[in-house]
Amino acid sequence: MDASSCARDAAALADRVLGALRGSGGVGLADFLASRADPTAGLGAVRLVGADIFLPHVVLNRPLTAQDAEVVAASFEVFPQATEPVAPEQRVMAWHDWSTARLLATLTGDAAVAAPDDPAAVLGSVEKWARWSVAVAQLSSLAHPGATGPVVDAVAAQPQALCRGVLRAALRRDFVIASRLTRWVALTHAMGVRLPVNPVVLVDHVALRVGSEPRQLLDLAVARHLVGAP
Amino acid sequence: MSVYTPVRPVTTPADLAQLSKLVAEPESTLADPPLSTPNAAGGGVGALLLGLGLLLSPPTPKEPRR
Amino acid sequence: MTSLVHTAHDVAARALGWLHTNRDLGAFEDDAATTDLNDPEGAYKPLCELALASSLVLREGVAGTNEQRAARALVGFTWQQLREGDLLYERQLRHALLTDPLETYAHHARSGLRHEALEQTLVQCAVEDSMTELLPNRRLAVANAHRIVGIHRDDDFTAMLRQTWLGRIPQPWALDWYTAYYMTHTVFHVTDWGAKPGDLPPDVVEYLENWLPVWIDVWAEAGQWDLLGELLIVSACLPEPRCDLAEWELFASAQHADGLLPRDDRPVVDDTEQRYHDHKHTAVVATIAGTLAMSRLLGGQA
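Chains as they are written, first to last, in our numbering: chain B, 2 to 231; chain G, 28 to 93; chain R, 402 to 703.
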């Protein structure tokens, strides 16, 4: 698989999700996949965008078509999940996949899927807040409206480390990490946790600087929804 | 319409590793940190320890010899 | 903690030793009578900074005998360069609205080097409100100088603090390199360089506790050792001082064997005079940071 095609396809898919959130209709995963030159990269893109493909269903309560559900299932078949994640990116992948599989099960009425290991194994020690916050950013697809679970609980319990992470990303002008963490800040705010930054002001600050990459625009669209901003 | 290609593509462990890397995208290297340029205040490093008073004071008062 | 005390001590002692060894490079070129005191590249301001660092080493009294002696010698050297205060007196008398004579004098007065005629002039200036208009953090510097010299004014430090960038508690990313220096100086002056940590309002303390680790992380990654040193001073000025071993080890790792601490991560030139000119401010910062961190860790005055 060509990584850059996969990333490009993920951007195109994220753009479809954004369109669906704005009311353009469904994401149309089957149609998306049919339009890709390389089906491997296309299925990889489905896994890369992960749980975010379900945002229109989560936010707008749209039903998931059987065809779309089948595409997601196919992505899991083609890219099998690591049975025992060891490397840091494998652990991130395991939680990212768990979130996707869990929402898929919810939307299709299938049995719930078991969570991976202790979230501390993927996030690391919160004492090392800079590294911790980068791991949190990598798991941004877990921060969707109504999200629950061990990682969400672990992040929401550390508002200071989370906000330190987003400040660090903003000052480093790494707006990919910043937009992902902004999404977590917004979720934490929506959960009623008191934060040392103003989440609405943060969303607007990052939005002005994030550029036009659809995956980051999607992060910010989720953040805006979570803080109740227009 | 076919949902996706009827023959499932075959992937290798390397493909999976590549996908994991895309999912766990690392942070960028520090390319544009907040530095002194452009600056709004003038002066160089440490211009502020005593302060801008010196920079804003009137030009060239030469003190007389006692 | 012991390791941290040692690291802070070593950084300060080596930086102070370097300043002492190279002090003649910071002297006025011919004599003070003909120098252009307004030249930002000139010797005047660095002499003031040298006096500041020395005065704090003497105030804290936690340095070793050699360092105390070097600090005493350095403040003696700057006082001699300022013609035992006459230069400051004449400048204040001629330019009553300037604040640098007062601010420079404060470090010497703190070290027991007094000038009666200058103090009379400063009192008169205070009565008249002879003071140029200043940025809010600079206004605090002048208020602290009056406090150190013992000139009574009705300065409201808390109200002045609220006029500064820091006092407004902005969103913490609304900060640039220059404003970071303003922020550090606001803390220095409100707390009189760590002597009055309780004078920082609780919301400002909470704000600094939240964000100092991030600002330190970012500017350390950018190799801004001078600003990192200033942020370490701020850390030592908090009611509950923040003294982080990893941050201090990083700062110490930037120091050269001869005690020079580079202002940033750009190459250091070989020319002795240029080295002194480029990096003397960072040595002053390192001396103060190490001295205050050590003092707070040992439960000293601050």
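Just so you know, even glycine gets a beta-carbon here, dropped at the ideal spot from N, CA and C. Here the structure is a predicted model, which means the values were calculated and not measured.
Against chain B, the CB of residue 564/R has no partner CB under 8 Å away; the residue lies outside that interface. For residue 176/B, the secondary structure class from DSSP, reduced to helix, strand or coil, is helix.
When 7 Å is used as the limit between beta carbons, residue 197/B is near these residues of chain R: 611, in chain order.
Rounded to whole angstroms, the separation of the alpha carbons of residue 647/R and residue 657/R is 18 Å. In the assembly as shown, residue 604/R is an exposed residue. Its beta-carbon has fewer than 16 other beta-carbons within 10 Å.
Proximity of the region 681-692 of chain R to the region 616-627 of chain R meets the contact definition, three or more beta-carbon pairs being nearer than 8 Å.
Counted as a single uninterrupted DSSP element, the alpha helix (DSSP H) harbouring residue 634/R occupies residues 626-637. Excluding sequence positions up to five before and after residue 38/B, its CB lies within less than 8 Å of the CB of 6, all in the same chain and listed in chain order. Excluding the 5 residues flanking it on each side, residue 608/R has same chain C-beta neighbours closer than 7 Å at 570, in chain order. Distances from the CA of residue 87/B to each of 33/B, 119/B and 141/B were compared; the closest alpha carbon is that of 119/B. Ranked by how close their Cα comes to the Cα of residue 596/R, the residues 508/R, 447/R, 457/R and 651/R have 457/R in first place. For residue 171/B, the CB contacts under 6 Å within the same chain, skipping 5 residues up- and downstream, are 179 in chain order.
Pairing residue 414/R with residue 472/R gives a Cβ-Cβ distance that is not under 8 Å. When 9 Å is used as the limit between beta carbons, residue 622/R is near these residues of chain G: 57 and 60, in chain order.
Pairwise C-beta distances place the region 108-117 of chain B out of contact with the region 135-149 of chain B, as fewer than three of them are shorter than 8 Å. Between residue 143/B and residue 189/B, the alpha-carbon positions lie close to 12 Å from each other. Leaving aside the five residues that flank residue 147/B on each side, the residues in its chain whose CB is nearer than 8 Å to its CB run, in chain order, 59. Taking 8 Å as the CB threshold, residue 63/G stays off the interface with chain B.
Chain G places a beta carbon closer than 8 Å to that of residue 577/R, counting this residue as a contact. Between residue 506/R and residue 496/R, the C-beta spacing is not below 8 Å.
Within the same chain, and ignoring the five residues on either side of residue 583/R in sequence, the residues whose Cβ sits closer than 8 Å to its Cβ are 536, 538, 565, 566 and 567.
Chain G places a beta carbon closer than 8 Å to that of residue 619/R, counting this residue as a contact. The three-state secondary structure of residue 481/R, taken from DSSP, is helix. Between the alpha carbons of residue 231/B and residue 201/B lies a gap of roughly 10 Å. The beta carbon of residue 7/B sits closer than 8 Å to some beta carbon of chain G. Spatial neighbours of residue 70/B in its own chain (CB-CB distance under 8 Å, excluding positions within 5 residues in sequence) are listed in chain order as 105, 108 and 109. Contact check between the region 25-35 of chain B and the region 46-61 of chain B: three or more CB pairs, one atom from each, fall below 8 Å, which counts as touching. Counting only unbroken stretches of 4 or more residues, the alpha helix (DSSP H) elements lying wholly within the region 102-189 of chain B are 120-124, 130-139, 151-157 and 160-172, in sequence order.
Residue 97/B has a beta carbon lying within less than 8 Å of a beta carbon in chain G.
Secondary structure of residue 525/R (DSSP, three-state): helix. Contact between residue 692/R and residue 632/R is ruled out by a C-beta separation of about 16 Å, above the 8 Å threshold. Interface annotation for the region 48-64 of chain B against chain G: 48 and 49, criterion Cβ-Cβ distance under 7 Å. A check of alpha carbon separations from residue 37/G across 76/B, 218/B, 209/B and 204/B identifies 76/B as the nearest. The beta carbon of residue 211/B is closer than 6 Å to those of 176, 180 and 217 in its chain, skipping five residues each way along the sequence.
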